[in-house]
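A.B. asks: In order, the protein sequences belong to chains A and B.
So in my numbering, spot 145 of the first sequence is number 128, and the numbers just go up one at a time.
So in my numbering, spot 241 of the second sequence is number 242, and the numbers just go up one at a time.
Glycine residues also receive a C-beta, built at the ideal position from the N, C-alpha and C atoms.
Everything numeric in this text was worked out from a predicted model, so none of it was measured.
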Amino acid sequence: MGSSSSSINHIPDAEKLMQETGFSAAHIFRLYERFEVLDRDGTGQLRPEDFGAVRELAMNPIGDRIIRAFFSPGQETVDFAAFVRILAHFRPTVTNWTRDGAQTEPANSRTRKLKFAFQLYDQDRDGKISREELLEVLRMMLGLQVTEEQLQSIAERAIQEADLDRDDAISFDEFRKSLEKVNIDHKMSTRFLS
Amino acid sequence: MTWFTFPADNLLCRCLCISITAWLALLFVFGIVPAVLGVSFGVRRLYMRTLLKIFEWATSRMEMGAKEKNEQLYKPYSNGIIAKEPSSSLQQEIQELRGSASCLRSEPEFEMADIFYFCRRGVESIVDDEVTKRFSAQELESWNLLTRSNYNFRHISLRLTVVWGFGVLIRYGVLLPLRVTLAVTGICLLLVLTTLVGFLPNRELRSYLSEKIHLMCYRFCVRALTAIITYHNRENKPKNGGICVSNHTTPIDVIILANDGYYSMVGQVHGGLIGMVQRAMVKSSAHIWFERSEVRDRHLVAKRLSDHVADKTKQPILIFPEGTCINNTSVMMFKKGSFEIDCTVYPVAIKYDPQFGDAFWNSSKFGMVNYLLRMMSSWAIVCSVWYLPPMNKEKGEDAVQFANRVKAAIAAQGGLVDLIWDGGLKRAKVKDAFKEEQQKLYSKVLFGEQDEGGRRDNTQLEAENPEEDKSNQDEKNDNENTVNAPRNK
């Protein structure tokens, strides 16, 4: 028979994912193909090593953090639905979203994007970025290019500016406040071709 | 029931005899004779034109079917899923981030928002990256009636299916046996004749005959694959005492190039059939085969190559500097070893037309035998070969720069994307040097140009010994039997 390869129909939960995340059918299909390319042993689940195979990600200083962001705490595998849900954070923001308290916020709202970035810093998920957590990220981004003193002073300055309630850590609200003027939509969005 | 079956048997026998005879005659007249004599009846080009007409018809039927159902036929953006901004540098993007965030500062500093840049780049590369997609076959815009290249093409009507079925019959029933026969004949002839020629005492006669024999056998192989090759700029063909470099898509590249010229091959010694062929070839002409242990000794490799090119009576060496097969949409990093030798380099660009059969060898998906079967059951292998003007290393240029210059010329001619990435990344891990480079760029944004302590020397991003050795190690366990891709350069 001619048409023997995949169609949108055999992607699990495609309809539900489309509704939840706002991706179109074409996007879901493309993401599924990408998922299959990354899933080299064909188990239907991705492991951290599968992400590690992407060269450009391996050279990203915070590459490991980004990979971990795909995995829920304690889980070692990611299935396609979870993969898509995380990527949904990076869709450009829908500007005409009406604030309806009953419905859940879409994944790509400004707040959710900020939350994603916040969690890259806040690894122990206690809702605050401690000085140590900030230093860890700085070390990843700068490596051996700066001295330890410089790192400490950068961290000190950053905390002083953002920490409004003087508890020596940056909470999510303080984080959000310090990024008020940043065009989050533009900087934390990937233009998916449709 | 014997009285019933007997005449039927007889009839069957007769039919079989006639068809076998016809088939052999066809083979002899259109396959063997032209290959031996080096003439062409133009059958393959006619075949190609017919196929093109059929594909056009098939495409228009699919378009009609799609229009009826009001759906999209072509997959949009087969080259990627996301729109990558034209590469702005790390500096530019972070300044933009800053500009919108804070008030004026006297000195550049860290901003919490900086992480967005790395985060977005990371996610973009998860969704689509330049390297991984080069190691899987190129996707076609429309269907060429082969199941293997059917990427969710719908709207395949009954008529089209019938044509496809007919195509399967022809490819597997007629073409495949024909091709296999030709291939076997070609290889046997090569083995026998080169061994015989090896016994001749007269050196000139030996090299003359050896050239004729090699060319004849490659012609057999070309017909065995139904390869339709167009050679451009043949005045630039490689001459003795030089090195011919080319982009690498498949082991068949060797056959494509050697069909038009007499080259010396370079490669590892293999066992089995290929080993036999290698030993036979060496009896009548100079090829450079390395033992596995010798491959890692760069100096030995370089010396043997230099000795060969220094001898002007020996043929040009054929080398594929990428070291691995790429899917013919791009050219990856050339290993610098062959560019360190002091001689003229003759670049060659090979571009395959995937419409008739995808020649790319995905060594992680298919073994060699499987791959050859697929090749022999495609419609044809159609490609263009461009001989580029010879290049020499310029004064003050080092091997890496020279390699990149040659690579750029080949990419430009063949219409391929010129990438800095090392094809060996297929198997090896990315070196930390790349990550360091990013860290360096970012620290420059924060601190400007500085020579503070704690900084390591930045090693070159291009070909380096440890990386090549690592990819050698990985490739030892691989069954990539390219006769002609020196690993250690």
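(1) Suppose contacts are defined by Cβ-Cβ distances below 7 Å. Is A:I49 in contact with A:Y15 by that definition?
(2) So, under 8 Å CB-CB, B:T195 and B:K284 are touching, yes? Tell me the CB distance rounded to an integer number of Å.
(3) Assuming B:N234 contacts B:Y353 under a Cβ cut-off of 8 Å, what Cβ separation, rounded to an integer in Å, is found between them?
(4) Alpha carbon to alpha carbon, what distance is there between B:T51 and B:V163?
(5) Round the Cβ separation of B:V386 and B:I351 to the nearest angstrom and send it over; I've been treating them as touching at under 8 Å.
(6) Quick one, which of B:L191, B:W290 and B:L147 has its alpha-carbon nearest B:R172's?
(7) Counting C-beta neighbours from all protein chains within 10 Å, is the total for A:K(-1) 16 or more, i.e. buried, or is it exposed?
(8) If you run the structure through DSSP and keep just helix, strand and coil, what is B:D354?
(9) Is the CB of B:Q440 under 7 Å away from at least one CB in chain A?
(10) How about B:A381 and B:F357: are their beta carbons less than 7 Å apart?
(11) CB-CB under 7 Å to B:R46, same chain, minus the five flanking residues each way: which ones, in chain order?
(12) Please report the distance separating the alpha-carbon of B:V278 from that of B:L191.
(13) At 8 Å on the CB atoms, spell out the chain B contacts of A:I11, in chain order.
(14) Could you work out which residues of chain A lie near B:R122, taking near to mean beta carbons separated by less than 8 Å?
(15) Please report how far the alpha carbon of A:A178 lies from the alpha carbon of B:N328, in whole angstroms.
(16) Is it true that the CB of B:Y219 sits closer than 7 Å to the CB of B:A259?
(17) What residue range does the beta strand (DSSP E) around B:T195 cover?
(18) Short of 7 Å in beta carbon distance, which residues of its chain neighbour A:I153, apart from the five on each side in sequence? Order them along the chain.
(19) If you measure between the beta carbons of B:M266 and B:H249, is that distance less than 7 Å?
(20) For B:A114, return the contacting residues in chain A, with the cut-off set at a CB-CB distance below 9 Å.
(21) Pull up the distance between the alpha-carbon of B:K396 and that of A:N166, whole angstroms please.
(22) Buried or exposed for A:T81, going by 16 or more other Cβ atoms inside 10 Å?
(23) What do you get for B:L32, buried or exposed, if any count of 16 or more other CB atoms within 10 angstroms of its CB means buried?
(24) How big is the Cα-Cα spacing for B:Q439 and B:S158?
(25) Quick one: is B:F29 buried, meaning 16 or more other Cβ sit within 10 Å of its Cβ, or exposed?
(26) Compare the C-beta of B:S126 with all C-beta atoms of chain A and state if any pair is closer than 7 Å.
(27) Can you name the residues of chain B whose CB is closer than 7 Å to the CB of A:L147?
(28) According to a CB-to-CB cut-off of less than 8 Å, which residues of the region 323 to 354 of chain B neighbour chain A?
(29) For the beta strand (DSSP E) that B:V383 lies in, which residues bound it at each end?
(30) In chain A, which residues lie with their C-beta within 7 Å of the C-beta of B:E437?
C.D. replies: Taking the definition as stated:
(1) Indexing the first sequence from 1 puts residue 49 of chain A at position 66. Indexing the first sequence from 1 puts residue 15 of chain A at position 32. No, these two residues do not count as a Cβ contact at 7 Å.
(2) Numbered from its first residue, the second sequence carries residue 195 of chain B at position 194. Numbered from its first residue, the second sequence carries residue 284 of chain B at position 283. B:T195 to B:K284, Cβ: 6 Å. Contact.
(3) One-based indexing of the second sequence puts residue 234 of chain B at position 233. One-based indexing of the second sequence puts residue 353 of chain B at position 352. Wrong, their Cβ atoms sit about 18 Å apart, outside the cutoff.
(4) Indexing the second sequence from 1 puts residue 163 of chain B at position 162. Indexing the second sequence from 1 puts residue 51 of chain B at position 50. Those two C-alpha atoms are separated by around 17 Å.
(5) Taking the second sequence and counting its residues from 1, one reaches residue 386 of chain B at position 385. Taking the second sequence and counting its residues from 1, one reaches residue 351 of chain B at position 350. Yes, B:V386 and B:I351 are in contact; Cβ-Cβ is about 5 Å, under 8 Å.
(6) Position 171 of the second sequence holds residue 172 of chain B. Distance check between B:R172 and each of B:L191, B:W290 and B:L147 places B:L147 closest, using alpha-carbon atoms only.
(7) Here residue -1 of chain A is taken as the residue at index 16 of the first sequence, counted from 1. When all chains shown are included, A:K(-1) counts as exposed.
(8) If you number the second sequence from 1, residue 354 of chain B lands on position 353. Reduced to three states, the DSSP call for B:D354 is strand.
(9) Locating residue 440 of chain B in the second sequence gives position 439, counting from the first residue. By this cut-off, B:Q440 is an interface position.
(10) Sequence index remark: in the second sequence, residue 381 of chain B carries index 380 (1-based). Sequence index remark: in the second sequence, residue 357 of chain B carries index 356 (1-based). In this structure, B:F357 lies closer than 7 Å to B:A381 by Cβ.
(11) Here residue 46 of chain B corresponds to residue number 45 of the second sequence, with the count starting at 1. Hits under 7 Å: I229.
(12) Position 277 of the second sequence holds residue 278 of chain B. Position 190 of the second sequence holds residue 191 of chain B. When rounded, the distance between both Cα atoms is 8 Å.
(13) On the first sequence, residue 11 of chain A is found 28 positions in, with the first residue counted as 1. By Cβ distance, chain B contributes nothing, its closest Cβ being about 11 Å from A:I11, past 8 Å.
(14) Taking the second sequence and counting its residues from 1, the one referred to as residue 122 of chain B is at position 121. Result: E39 and N43.
(15) The structure shown does not extend to residue 178 of chain A, since chain A is modelled only from -16 through 177, so no value can be given for it.
(16) The residue labelled residue 259 of chain B in the question sits at position 258 within the second sequence. The residue labelled residue 219 of chain B in the question sits at position 218 within the second sequence. Yes, Cβ-Cβ distance for B:A259 and B:Y219 is below 7 Å.
(17) Residue numbering aside, residue 195 of chain B sits at position 194 when the second sequence is read from its first letter. Taken as a continuous stretch (DSSP letters only), B:T195 belongs to no beta strand (DSSP E), being part of the alpha helix (DSSP H) at L177 to G199.
(18) The residue given as residue 153 of chain A occupies position 170 in the first sequence. Cβ neighbours of A:I153 beyond the five flanking positions: K111, I112, I142, A145 and D146.
(19) Numbered from its first residue, the second sequence carries residue 266 of chain B at position 265. Numbered from its first residue, the second sequence carries residue 249 of chain B at position 248. The answer is no: Cβ separation not under 7 Å.
(20) Here residue 114 of chain B refers to the residue found at position 113 of the second sequence. What B:A114 touches in chain A: A100, S161, L162, V165, I167 and K170.
(21) Numbered from its first residue, the second sequence carries residue 396 of chain B at position 395. Numbered from its first residue, the first sequence carries residue 166 of chain A at position 183. Rounded to the nearest whole angstrom, the C-alpha separation of B:K396 and A:N166 is 50 Å.
(22) Here residue 81 of chain A is taken as the residue at index 98 of the first sequence, counted from 1. Bear in mind that a pLDDT of 49 at A:T81, under 50, signals an unreliable position, so the number given afterwards is only what the model happens to contain. Burial call: exposed.
(23) Your numbering for residue 32 of chain B matches position 31 in the second sequence. The residue you asked about is not Leu; residue 32 of chain B is Gly in the sequence shown. With 16 or more Cβ atoms within 10 Å of its Cβ, B:G32 is classed as buried.
(24) If you number the second sequence from 1, residue 439 of chain B lands on position 438. If you number the second sequence from 1, residue 158 of chain B lands on position 157. Taking the straight line joining both Cα atoms gives about 52 Å.
(25) Position 28 of the second sequence holds residue 29 of chain B. Label assigned to B:F29: exposed.
(26) As a working mapping, residue 126 of chain B is identified with position 125 in the second sequence. B:S126 counts as touching chain A.
(27) The residue given as residue 147 of chain A occupies position 164 in the first sequence. Result: empty, since nearest Cβ-Cβ is about 13 Å, beyond 7 Å.
(28) none
(29) Numbered from its first residue, the second sequence carries residue 383 of chain B at position 382. It spans I382 to Y388 - the beta strand (DSSP E) in which B:V383 sits, taken as one unbroken run.
(30) Taking the first residue of the second sequence as 1, we reach residue 437 of chain B at position 436. Those are G126, listed as they occur along chain A.
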